[in-house]
Structures are given as structure tokens and as C-alpha cells.
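A.B. asks: Starting off with a structure, shown below.
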Amino acid sequence: MIRKNWLWKKRKWKKLSRTIRILNAHGQLYFSLYFGMTGLHALHMIVGAGLLLWLIKGSFAGRFTPQYNTPVEIVGLYWHFVDIV
Numbered sequence: 015m016i017r018k019n020w021l022w023k024k025r026k027w028k029k030l031s032r033t034i035r036i037l038n039a040h041g042q043l044y045f046s047l048y049f050g051m052t053g054l055h056a057l058h059m060i061v062g063a064g065l066l067l068w069l070i071k072g073s074f075a076g077r078f079t080p081q082y083n084t085p086v087e088i089v090g091l092y093w094h095f096v097d098i099v
């Protein structure tokens with residue numbers, strides 16, 4: 015009876031340790047992807063903020079007119095794309 019109980023606990027422990035290893039591997043993959051995507055998003059936000067500062071500087075210099083506003087439109091599309099993603 016004691017031996018049977020010991021064997022049962024040993025099997026349960028092996029199964030539990032295997033499950034923990036599998037979960038750990040999946041957790042590492044999840045968090046690697048999560049932090050990688052967060053870093054990529056941060057990079058795009060920095061680029062977008064730089065573009066917005068460039069637009070503000072250009073608008074104060076009078077570079078954009080009602081006839082020529084293509085950079086404003088393109089940067090606006092980029093900014094909203096980064097916001098959605």
C-alpha cells in the first residue's frame with residue numbers, strides 16, 4: 015500500500031514537471047513575442063513623433079499650403095496606422 019502510494023505520487027510528479035516545462039516554454043515564447051512587438055511599436059511611435067515634429071517645424075516655416083499638403087496627409091496616415099496597430 016505504501017509502495018503503491020509512493021509510485022502514484024512519483025507518476026503525478028513526473029506528469030506535473032512535464033506540464034510545467036511545456037508551460038514554461040510556451041510562456042517564454044509568448045513573452046518574447048510580446049516584448050518584441052512592444053519594442054517594434056515603440057520604435058514606430060518614436061519615428062511618428064519625429065515626423066510630427068518635422069511637420070510642425072515645416073508648418074511654422076510656411077512650407078505647406080492648401081495646394082501642397084501631401085506630406086501632412088502621408089504622415090497623418092502613418093500616424094493613424096501606428097495608432098491602430
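Residues 15 to 99 in this note's numbering are what the sequence shown lists, from first letter to last.
Even for Gly, the Cβ is constructed at its ideal location relative to N, Cα and C.
Predicted, not measured: the structure shown is a model, and the values here were computed from it.
#1: Put A63 into one of helix, strand or coil per three-state DSSP.
#2: Should V89 and L69 be called a contact, given that it needs their Cβ atoms to be closer than 8 Å?
#3: Provide the residue span of the alpha helix (DSSP H) that contains T84, from first to last.
#4: Are the Cβ atoms of L66 and W93 separated by less than 8 Å?
#5: Distance check for L43 and P80, CA to CA, integer angstroms please.
#6: What is the DSSP secondary structure of A56, counted as helix, strand or coil?
C.D. replies: On the basis of the coordinates in this document:
#1: Of the three classes helix, strand and coil, the one that applies to A63 here is helix, per DSSP.
#2: Between V89 and L69, the C-beta gap is smaller than 8 Å, which places the two residues in contact.
#3: Following the DSSP letters along the chain, one finds T84 inside the alpha helix (DSSP H) bounded by residues 84-98.
#4: Yes. Within cutoff.
#5: Going by the C-alpha atoms only, they are around 49 Å apart.
#6: Note: A56 maps to helix in three-state DSSP.
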